[in-house]
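Only one structure is covered here, and it is reproduced in the block below.
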Ligand code: UD1
Ligand code: UDP
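Residue numbers (this note's numbering): 6 to 386.
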């Protein structure tokens, strides 16, 4: 029987690979092995728990305050042993993390085929986002199959000379995950109530009918001065707009925790909370007024729910929603963030223009398409 190994390590990869793990495990003709690097520990476990995934292999590599050398070298050497033991016919990786890059490199050294999920997104600036653009481009070079979420990502791959036959446009698996979770939280009354109660404990204001901005931020290129500027912007906005709340589930990276807690702790309408479980986050996203983020995945999810997104980056590898008008790049400068949030809080016409429900990322059937394609390829081997 052919063997497929699915590898991921961080929160966003887990969210986007979870439905694919289930689809492959349901396939009778394929043996599926799930391997997590645990580049993230707590934030990965939150997702595994929500999606009921029990990894077959857990490399457990995360160290507090790890740097890129730690993560890359640890995964590369541990993956060698995993690949020797498991000898998969195909390894599936996702996106642009160091888990993705180091795993693809290990497969390349071992002569094992790689399928890249969420392939072909590009800024074409190797340093932005850092190191993700590099990770995604090199994984593209090392991959045999490319699962591109959109026609644009496919054309990026073709421009680089990748073989058309090995590229499949699938939509983004994040939409598969989003549908699964929305269905669960909105159709099951007791689930809905349970999540509401958990959120009530975290946010002591009437979040169901009070305007709030949902914030996330963690990009490496924003560490240092940019993060201080971002926090100062949120502080100024919170002081100016006392009737608006600012909800910030803070990423566990110490480079994020430190400035955020230093500058924003103690403000009455700013809620610094732990990273939320995926279901809780999507639930809250539905109630939010707008989103301020530097996240990749949230740029894909929020437009589906008609939420305007201000992205604290200068470039994005996800231009589809920017072109449609629901996402706007505002960079990481204090003045620009304050100006753009103020505009959306005060100018209803501007807000309505951005609050359009728009989803350029597929029909929620990306995983089916990937499984179908992989089966065809493995049968032909
Ligand atoms: C990583 C990815 C980034 C992705 C992001 C998603 C790389 C280089 N970066 O960045 O592409 O967008 O994940 O969130 O692959 N930590 C914990 N517990 C956790 C997770 C993180 O304590 O569950 C802390 C640890 O101190 C860890 C640090 O955060 O050392 C940094 O984690 P790391 O994965 O290296 O970087 P991220 O900034 O999370
Ligand atoms: N997310 C979550 N809990 C939170 C914040 C975000 O589950 O408290 C989800 C969010 O819905 C999205 C993903 O995490 O699917 C994005 O992860 P992150 O921003 O860490 O990484 P990126 O997408 O930038 O790589």
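Glycine included, every Cβ here is placed at the ideal spot set by N, Cα and C.
Exercise. Within 10 angstroms of its Cβ, does residue 74 collect 16 or more other Cβ (buried), or is it exposed?
Worked result: exposed
Problem set entry | Environment of residue 98 [buried if 16+ CB atoms lie within 10 Å] | buried
Exercise. So, are the CB atoms of residue 388 and residue 125 less than 8 Å apart?
Worked result: Lying outside 6 to 386, the shown extent of the chain, residue 388 is not represented and no answer is given.
Exercise. Is it true that the CB of residue 317 sits closer than 8 Å to the CB of residue 235?
Worked result: yes
For this session: Less than 8 Å between the CB atoms is what I'm expecting for residue 304 and residue 335, so what's the real figure, rounded?
Result: About 12 Å separates the two Cβ atoms, so there is no contact after all.
Exercise. If you follow the beta strand (DSSP E) that residue 217 is part of, which residue opens it and which one closes it?
Worked result: 217-221
Exercise. With burial defined as no fewer than 16 other Cβ atoms inside 10 Å of the residue's Cβ, what is the status of residue 146: buried or exposed?
Worked result: exposed
For this session: Could you tell me the boundaries of the alpha helix (DSSP H) in which residue 156 lies?
Result: 156-164
Exercise. Would the C-beta of residue 301 count as close to the ligand UD1, meaning under 7 Å from any of its heavy atoms?
Worked result: yes
Exercise. Alpha carbon to alpha carbon, what distance is there between residue 253 and residue 376?
Worked result: 36 Å
Exercise. On the three-state DSSP scale, how would you describe residue 381?
Worked result: helix
For this session: Compute the Euclidean distance between the alpha carbons of residue 46 and residue 115, then round it to the nearest angstrom.
Result: 27 Å
Exercise. Which residues in the same chain as residue 380 place their Cβ atom closer than 8 Å to its Cβ, once the five residues preceding and following it in sequence are excluded?
Worked result: 32, 34 and 35
Exercise. Do you know how far the Cα of residue 119 is from the Cα of residue 16?
Worked result: 21 Å
Exercise. Does the ligand UDP have a heavy atom nearer than 7 Å to the CB of residue 256?
Worked result: yes
For this session: Just list the beta strand (DSSP E) runs in the stretch 39-121, keeping only unbroken ones of 3 residues or longer that don't cross its boundaries, in chain order.
Result: 95-99
Problem set entry | Expected contact under 8 Å - CB spacing of residue 121 and residue 155 to nearest Å | Going by Cβ atoms, the distance from residue 121 to residue 155 rounds to 14 Å, so no, they are not a contact pair.
Problem set entry | Neighbourhood of residue 187 by C-beta distance below 7 Å, restricted to the same chain and skipping five residues each side | 287
Exercise. When you compare only the Cα positions, how much space is there between residue 337 and residue 354?
Worked result: 25 Å
For this session: Determine the contact status of residue 374 and residue 173, defining contact as a CB-CB distance below 8 Å.
Result: yes
For this session: Go ahead and label residue 131 buried or exposed: buried means 16 or more other beta carbons lie within 10 angstroms of its beta carbon, across all protein chains shown.
Result: exposed
Problem set entry | Limits of the unbroken alpha helix (DSSP H) element including residue 173 | Per DSSP, residue 173 belongs to no alpha helix (DSSP H); it is in the beta strand (DSSP E), 172-174.
Problem set entry | Supposed contact pair residue 242 and residue 343 - C-beta distance, whole angstroms, cut 8 Å | 6 Å
Exercise. What span of residues does the alpha helix (DSSP H) with residue 326 cover, start to end?
Worked result: 325-329
Exercise. What is the rounded straight-line gap between the Cα of residue 81 and the Cα of residue 219?
Worked result: 36 Å
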